[in-house]
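Notes follow the structure.
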Amino acid sequence: MSGAETDDGSGRVPGSGRGAGRKSGRTRRRPRLEGFKREILNLPNMITIGRILMIPPILMLVDKTDPFKGVLAMALFLIAGGLDVLDGWLARRRGLVTFFGKFADPLADKIMVMALLVYLCAEGRVPPWLIAVLLGREFYISGLRTIAINEGIEITAGAGGKAKTSFQVIGIACVLIYFPYRAPWGGWLRFHDIGLLLLYVSAVLSVWSAFTYTKGFIDALANQTEEVSVDDDDGNIS
Numbered sequence: 042m043s044g045a046e047t048d049d050g051s052g053r054v055p056g057s058g059r060g061a062g063r064k065s066g067r068t069r070r071r072p073r074l075e076g077f078k079r080e081i082l083n084l085p086n087m088i089t090i091g092r093i094l095m096i097p098p099i100l101m102l103v104d105k106t107d108p109f110k111g112v113l114a115m116a117l118f119l120i121a122g123g124l125d126v127l128d129g130w131l132a133r134r135r136g137l138v139t140f141f142g143k144f145a146d147p148l149a150d151k152i153m154v155m156a157l158l159v160y161l162c163a164e165g166r167v168p169p170w171l172i173a174v175l176l177g178r179e180f181y182i183s184g185l186r187t188i189a190i191n192e193g194i195e196i197t198a199g200a201g202g203k204a205k206t207s208f209q210v211i212g213i214a215c216v217l218i219y220f221p222y223r224a225p226w227g228g229w230l231r232f233h234d235i236g237l238l239l240l241y242v243s244a245v246l247s248v249w250s251a252f253t254y255t256k257g258f259i260d261a262l263a264n265q266t267e268e269v270s271v272d273d274d275d276g277n278i279s
């Protein structure tokens, strides 16, 4: 037996003990882009991408002259809303929450709502001031949320924000229908007027939720501490 094969004094030959021949728990490095591509291709994220791709067909169906197109646009819009719930549920249920999903899911919601509101405004169905309030609030909250993340502050959506979203979605759906339809109990269901009323309520809730979000951010910031330098013997800080 050669010197490389002799024992170490313990009576055991190296490589002949328990676990010999097993693969070590080594890991390999791979490009981050490869993992990112896999994240994008999981089912919840593909549903999110599908929601974004539904926006052009919905816009193409917005028509003041064809009631059927209005109903179809409304149906696709509500389906997109249902898929929004589904992709979030799947991501949590299957442990597929990813960085891309956290970014793309709320982005898809905002693109959908903003695109429809701007298009409906151009069609004369929604007043410009309402668009300014709703979209202004979205930009403001997005900016404030970015600042909060940089400060290590997490503020969850309150009841006002969730109610705002509900009124907004139902309001847009009604405005998409546009045409009045006879109600089963008599009279007419004027969906355009109903939709505008719901969007007005959504605007009020948007302002209120922006206020509460700002207050939550300020309160959280007030509870944080930071290190500061002392410049003089009196304890004045800079």
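For the sequence shown, the residue numbers in the numbering used here are 42 to 279.
Glycine is no exception: its CB is placed at the ideal position from the N, C-alpha and C atoms.
Helix, strand or coil: how does DSSP classify residue i here?
{"i": "Tyr222", "result": "strand"}
{"i": "Arg135", "result": "coil"}
{"i": "Gln209", "result": "helix"}
{"i": "Thr187", "result": "helix"}
{"i": "Val103", "result": "coil"}
{"i": "Leu82", "result": "coil"}
{"i": "Gly60", "result": "Low per-residue confidence applies at Gly60: pLDDT is 49, beneath 50, and the placement is therefore not dependable, though the value from the model is reported in the following sentence. Coil at Gly60, not helix or strand."}
{"i": "Gly142", "result": "helix"}
{"i": "Gly193", "result": "coil"}
{"i": "Met115", "result": "helix"}
Give me whichever residues DSSP pairs with residue i in a beta bridge.
{"i": "Leu230", "result": "Tyr222"}
Suppose the cutoff is 7 Å on Cβ atoms and the five residues either side in sequence are ignored; what does the same chain contact list for residue i look like?
{"i": "Pro169", "result": "Cys162"}
{"i": "Ala114", "result": "Ile99, Leu102, Val103, Leu217"}
{"i": "Ala244", "result": "Leu171, Val174, Leu175"}
{"i": "Arg96", "result": "Before going on, a small fix: residue 96 reads as Ile here, not Arg. Correct list, in chain order: Ile152, Met153, Ala156."}
{"i": "Pro221", "result": "Trp229, Leu230, Arg231, Phe232"}
{"i": "Trp226", "result": "none"}
Starting from the C-beta of residue i, find all residues in its chain whose C-beta is less than 6 Å away, skip the five residues before and the five after it, and write them out in chain order.
{"i": "Gly236", "result": "Gly212, Cys215, Val216"}
{"i": "Asn264", "result": "none"}
Give me, in chain order, the residues of the same chain whose beta-carbon lies closer than 8 Å to that of residue i; leave out the 5 immediate sequence neighbours on both sides.
{"i": "Phe208", "result": "Leu239, Leu240, Val242, Ser243, Leu246"}
Please report the residue range of the alpha helix (DSSP H) in which residue i lies.
{"i": "Val167", "result": "Val167 -> no alpha helix (DSSP H), and no H or E assigned at all."}
> Just checking, does the region 127 to 145 make contact with the region 200 to 210 on the three C-beta pairs under 8 Å criterion?
Replying inline: no
>> Count Cβ pairs between the region 169 to 179 and the region 142 to 149 that sit closer than 8 Å; are there 3 or more?
In response: no
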